[in-house]
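**Q** In order, the protein sequences belong to chains C and V.
So the first sequence is numbered by my numbering: it starts at 5 and just counts up by one.
So the second sequence is numbered by my numbering: it starts at -8 and just counts up by one.
The C-beta atom is built at its ideal place from N, Cα and C for all residues, glycine as well.
Can you read through this structure? Questions will come right after.
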Amino acid sequence: MDRDFSKTARTGRVLGSWLGLKLLALPVLVLILVTGIVVTELRADTESPETFACSVARRWTRQYGQVGKRLRVLRVDILFPGGTGKFESGEGVVVAPVGLDLDGLQKVVATAASPAGLGIVRFEGTANQLWSYPGSLHRDLRYTALSLVRPVRASLAPEDSRAGAFDSLGLPSLDFVRSDVMYEAGLTASETGQNGLDRCEDFASWATKSAGWGDASQRFLALARRVGSGTRHGDKNSFDENICTAVREGRFSLHQAQVAVVMGARAAGLPAFALTGASTGSEYLAAVWTGGRGWRAINLDAIDAGYLHEPPALLAKAPVLGSFAAADHDFWRPTATAYSPVLDDGRYEVLSATDWAPDKAMGPPRTPQTRVRSMSLAEVCP
Amino acid sequence: MKGGSVGWLEAQRMLRVRGKDVVVYVILACLAATGVASGALASRRLSPASAEAVSAMLGRLEQVQVLPNVVLPDEHGRGAPLLARTGHREAVVVFYGADCDACQTSLPPMVKAFGTAGPLVVVARFGQDPGRVRARLDDLGLDKLSFVLDKFGALEKAARLEVLPTIFRIDSQGRVLERIESRNRYVFERLLRRFDGGVYRRVVNRSGDGVFWER
Chain C
5 MDRDFSKTAR
15 TGRVLGSWLG
25 LKLLALPVLV
35 LILVTGIVVT
45 ELRADTESPE
55 TFACSVARRW
65 TRQYGQVGKR
75 LRVLRVDILF
85 PGGTGKFESG
95 EGVVVAPVGL
105 DLDGLQKVVA
115 TAASPAGLGI
125 VRFEGTANQL
135 WSYPGSLHRD
145 LRYTALSLVR
155 PVRASLAPED
165 SRAGAFDSLG
175 LPSLDFVRSD
185 VMYEAGLTAS
195 ETGQNGLDRC
205 EDFASWATKS
215 AGWGDASQRF
225 LALARRVGSG
235 TRHGDKNSFD
245 ENICTAVREG
255 RFSLHQAQVA
265 VVMGARAAGL
275 PAFALTGAST
285 GSEYLAAVWT
295 GGRGWRAINL
305 DAIDAGYLHE
315 PPALLAKAPV
325 LGSFAAADHD
335 FWRPTATAYS
345 PVLDDGRYEV
355 LSATDWAPDK
365 AMGPPRTPQT
375 RVRSMSLAEV
385 CP
Chain V
-8 MKGGSVGWLE
2 AQRMLRVRGK
12 DVVVYVILAC
22 LAATGVASGA
32 LASRRLSPAS
42 AEAVSAMLGR
52 LEQVQVLPNV
62 VLPDEHGRGA
72 PLLARTGHRE
82 AVVVFYGADC
92 DACQTSLPPM
102 VKAFGTAGPL
112 VVVARFGQDP
122 GRVRARLDDL
132 GLDKLSFVLD
142 KFGALEKAAR
152 LEVLPTIFRI
162 DSQGRVLERI
172 ESRNRYVFER
182 LLRRFDGGVY
192 RRVVNRSGDG
202 VFWER
């Protein structure tokens, strides 16, 4: 400050002075910071999930024509909330099951993702969408996946075949169930070591006794009703694993009920799978192979309703026989999960797991969550 | 004000800004904007270190589509392409290591199912000593089983081999139909049921103490 400012002192103007420059610099810096924060909070792509869903639905409608009316769209929305939410910082990959291929039940026809995904990995029938998880800053990370699936009951009309639509789908017959699928559906807990049930005394005899007598449908339903009488409904995110205690005490969480029904059915000689439906309230399903009537499914959250007339679109099945390095709880709870690229005993470390999205106006809104819905192609973009 | 001291604020007000001062401030503002913008962009992308690790992770998670038809020498040094060894039909390629305990338990059931002259190709992992591999196979009673060497590691690199044993079921073109890393024997039994459209049949002998796979 050894410059001569006698001239300035005379004028006394702020404009053109150092004070003026610094006063101008302050709002500019604030503006830059605010712009940075706003830009960071915006989605990487400006396309909203609804716009994305609409554009994909239109494309699929054009592509599949009349056949599209008989197909279902399965929508998965994932949120890792930043800001004040429960957010795990770190970088890795988000893995989300988005649709199931299972002989006799469903076939995945096409998939789409926003933001653009890293790819689809199929494991034992379940299609998994992969995205990067750039969680270096606390900001909302949102992902949306759509799958076009063909349920077994969506038979194609003759006019569709004439149009060549059937060929364009490249779908195999859904009536044919391969022997290896039946083999897998029949493997018991003692053979696969699932959920520690192999160490559960008298599990097989409990299951056989609970199933009682009759055909496969009757026995499976009897077993499910026995488990359902002690099931704590409503808490779909509880994931305690002590199935043996649950069986002994006759009190089950929804997850425990699913494991007990499916592995119990297998112990009683009924081929069965656990399924996850893509609609609220159908996250815990179980299906049994009944022979002539194919697969029949029940909703373990609504056992009293009996067998489902038409199962919802399906997200995943369990148990799996092999080992997938990025499957939290081996597809028993196929919510989206962010994994860090660090291998620990053949599996990737979980960075941030999600829960099923709470019902409207219930539950904490700022926790990592997965929301699944299924709808017709026409309903995607009304 | 002459001869007297002035306060900082007053001094700032009286001091005139020169052109180069403004330029310096503009440059600083640009640098700040660039820093914020690059931070915003970086928040959407993985860091270089993570990107590399994630790339390796994807490589592991994604299915290998095709095994390359590389030349694989046998223990006597006779080279032949992979598909020539599979006889251009569906085959099972097993990566094996002499020091891998799980390999010693999983290989005999495979040989029992497929036989030594069948569609089974045992590949000794890159860097394995052929003499040692031969000795381990002999110890397992598999003296008639031949194996090939992944001499330059090209096959295991293309197969993204991570653990032993890893089993591939491939078609006549080398396309991967199934990849197994699990040691669960039921996974292998499922592979057998799938093999070549289900040509193998599980047979339990009359006394119930043995299980065989019949083609």
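Kindly list, in the order they appear in chain C, the residues whose Cβ is closer than 8 Å to that of P56(V).
**A** Residue mapping note: residue 56(V) aligns to position 65 of the second sequence, counting from 1. This sequence places Gln at residue 56(V); Pro is not what is there. Q56(V) does not reach chain C, its nearest Cβ partner there being about 12 Å away, counting only Cβ pairs nearer than 8 Å.
**Q** Can you list the residues of chain C that I171(V) reaches, using a CB-CB cut of under 8 Å?
**A** Taking the first residue of the second sequence as position 1, residue 171(V) is located at position 180. Within 8 Å Cβ-Cβ: G326.
**Q** Beta-carbon within less than 8 Å of P176(C)'s beta-carbon, same chain only, minus the 5 sequence neighbours each way: which residues are those?
**A** Translated into the one-based positions of the first sequence, residue 176(C) becomes position 172. Low confidence applies to P176(C): its pLDDT is 43, below 50, so where it sits in the model is not reliable, and the reading given next is rough at best. Here the set comprises K111.
**Q** Using the C-alpha atoms, what's the distance from G273(C) back to A290(C)?
**A** The residue you call residue 290(C) lines up with position 286 of the first sequence. The residue you call residue 273(C) lines up with position 269 of the first sequence. So the alpha carbons of these two residues sit roughly 15 Å apart.
**Q** DSSP puts R170(V) in a beta bridge; with which residues?
**A** Residue 170(V) sits at position 179 when you count from the first residue of the second sequence. The partner list for R170(V) (beta bridge, DSSP) reads F159(V).
**Q** Can you confirm whether E53(V), when its beta carbon is compared against all beta carbons of chain C, has any partner nearer than 7 Å?
**A** The residue given as residue 53(V) occupies position 62 in the second sequence. It does; some Cβ of chain C falls within 7 Å.
**Q** Using a cut-off of 8 Å between C-beta atoms, extract the partners of S38(V) located in chain C.
**A** Working through the second sequence from its first residue, we reach residue 38(V) at position 47. Those are E95, S140, listed as they occur along chain C.
**Q** Taking the C-alpha atoms as reference points, what is the distance between S21(C) and K11(V)?
**A** Your numbering for residue 21(C) matches position 17 in the first sequence. Your numbering for residue 11(V) matches position 20 in the second sequence. If I take the Cα positions, the gap works out to 13 Å.
**Q** Is the beta carbon of L381(C) sitting closer than 7 Å to the one on A61(C)?
**A** Your numbering for residue 381(C) matches position 377 in the first sequence. Your numbering for residue 61(C) matches position 57 in the first sequence. It is a contact, given that the beta carbons lie within the stated cut-off.
**Q** Return the residues of the region 2 to 32 of chain V that lie within a Cβ-Cβ distance of less than 9 Å from chain C, sorted by chain order.
**A** A2, Q3, R4, M5, L6, R7, V8, D12, V13, Y16, L19, A20, A23, A24, G26, V27, A28, G30, A31, L32
**Q** Between Y177(V), L19(V), L168(V), which lies nearest to G188(V) when the distance is taken from Cα to Cα?
**A** The count along the second sequence starts at 1 and reaches residue 188(V) at position 197. Of the listed residues, the one whose Cα sits closest to G188(V) is L168(V).
**Q** Identify the contact partners of R185(V) in chain C, using a Cβ-Cβ distance below 7 Å as the criterion.
**A** Along the second sequence, one-based indexing puts residue 185(V) at 194. In chain order: D184.
**Q** Taking its Cβ as the centre, do 16 or more other Cβ atoms sit within 10 Å of A215(C), making it buried, or is it exposed?
**A** To locate residue 215(C), count along the first sequence from 1; it is residue 211. So A215(C) counts as buried.
**Q** By Cβ distance below 6 Å, which residues in the same chain neighbour S93(C) in space, the five residues on each side in sequence not counted?
**A** Here residue 93(C) is taken as the residue at index 89 of the first sequence, counted from 1. Here the set comprises G139.
**Q** If you draw a straight line from the alpha carbon of R9(V) to that of V(-3)(V), how long is it in whole angstroms?
**A** Here residue 9(V) refers to the residue found at position 18 when the second sequence is read from its first residue. Here residue -3(V) refers to the residue found at position 6 when the second sequence is read from its first residue. One C-alpha to the other measures close to 21 Å.
**Q** Would the region 127 to 140 of chain V count as touching the region 103 to 114 of chain V if we require 3 or more Cβ pairs under 8 Å?
**A** Contact between the region 127 to 140 of chain V and the region 103 to 114 of chain V is present, because at least three Cβ pairs lie under 8 Å.
**Q** In three-state DSSP terms, what is D202(C)?
**A** The count along the first sequence starts at 1 and reaches residue 202(C) at position 198. Helix at D202(C).
**Q** Hey, would you say F277(C) sits closer than 7 Å to A189(C), going by beta carbons?
**A** Numbered from its first residue, the first sequence carries residue 277(C) at position 273. Numbered from its first residue, the first sequence carries residue 189(C) at position 185. Yes.
**Q** Please determine, among M101(V), R123(V), R51(V), the residue with the shortest C-alpha to C-alpha distance to E66(V).
**A** As a working note, residue 66(V) is residue 75 in the second sequence. Taking only the C-alpha atoms, the option nearest E66(V) is R123(V).
**Q** Determine the contact status of R375(C) and A361(C), defining contact as a CB-CB distance below 7 Å.
**A** Position 371 of the first sequence, counted from the start, is the residue given in the question as residue 375(C). Position 357 of the first sequence, counted from the start, is the residue given in the question as residue 361(C). Contact flag set, yes.
**Q** If you reduce the DSSP assignment to three classes, tell me which class Y288(C) lands in.
**A** Position 284 of the first sequence, counting from 1, holds the residue named residue 288(C). Reduced to three states, the DSSP call for Y288(C) is coil.
**Q** Short of 7 Å in beta carbon distance, which residues of its chain neighbour S172(C), apart from the five on each side in sequence? Order them along the chain.
**A** Counting from one through the first sequence, the residue named residue 172(C) turns up at place 168. Reliability fails at S172(C), whose pLDDT of 49 lies under 50, so the model's placement of it is uncertain and the value that follows must be treated cautiously. Nothing listed; no residue qualifies.
**Q** So, is H313(C) buried or exposed, given that buried needs 16 or more other C-beta atoms within 10 angstroms?
**A** Translated into positions along the first sequence, residue 313(C) becomes position 309. H313(C) comes out exposed.
**Q** Name, please, each residue of chain V whose Cβ falls closer than 8 Å to the Cβ of A82(C).
**A** For the purposes of this step, residue 82(C) is identified with residue 78 of the first sequence, where counting begins at 1. Residue identity differs from the one stated: residue 82(C) is Ile in this sequence, not Ala. Those within 8 Å of I82(C) in chain V number zero; the least Cβ separation is about 16 Å.
**Q** What first and last residue would you give for the beta strand (DSSP E) that runs through T25(V)?
**A** For the purposes of this step, residue 25(V) is identified with residue 34 of the second sequence, where counting begins at 1. Careful: T25(V) lies outside any beta strand (DSSP E), inside the alpha helix (DSSP H) at 10 to 33.
**Q** Quick check on L444(C) - is its C-beta less than 7 Å from some C-beta in chain V?
**A** No information on residue 444(C) is available, as it lies outside the stretch 5 to 386 that chain C covers here.
**Q** To the nearest angstrom, how far is the alpha carbon of R35(V) from that of A342(C)?
**A** Here residue 35(V) is taken as the residue at index 44 of the second sequence, counted from 1. Here residue 342(C) is taken as the residue at index 338 of the first sequence, counted from 1. Taking the straight line joining both Cα atoms gives about 15 Å.
**Q** Is there a C-beta anywhere in chain V that falls below 7 Å from the one on I302(C)?
**A** By 1-based counting over the first sequence, the position of residue 302(C) is 298. No, I302(C) does not count as interfacial toward chain V.
**Q** Along the chain, where does the alpha helix (DSSP H) that runs through I247(C) open and close?
**A** Residue mapping note: residue 247(C) aligns to position 243 of the first sequence, counting from 1. Its alpha helix (DSSP H) spans residues 247 to 253.
**Q** Going by the beta-carbon positions, is the gap between I124(C) and A228(C) smaller than 7 Å?
**A** In the first sequence, residue 124(C) corresponds to position 120, counting from 1. In the first sequence, residue 228(C) corresponds to position 224, counting from 1. No, the pair does not count as a contact, with Cβ atoms beyond the cut-off.
**Q** Taking the Cβ atom as the reference point for each residue, do L78(C) and S183(C) lie within a distance shorter than 7 Å?
**A** The count along the first sequence starts at 1 and reaches residue 78(C) at position 74. The count along the first sequence starts at 1 and reaches residue 183(C) at position 179. No, the pair does not count as a contact, with Cβ atoms beyond the cut-off.
**Q** Which residue marks the beginning of the alpha helix (DSSP H) containing W299(C), and which one marks its end?
**A** Translated into positions along the first sequence, residue 299(C) becomes position 295. Element bounds for W299(C): not the alpha helix (DSSP H) but the beta strand (DSSP E), 299 to 303.
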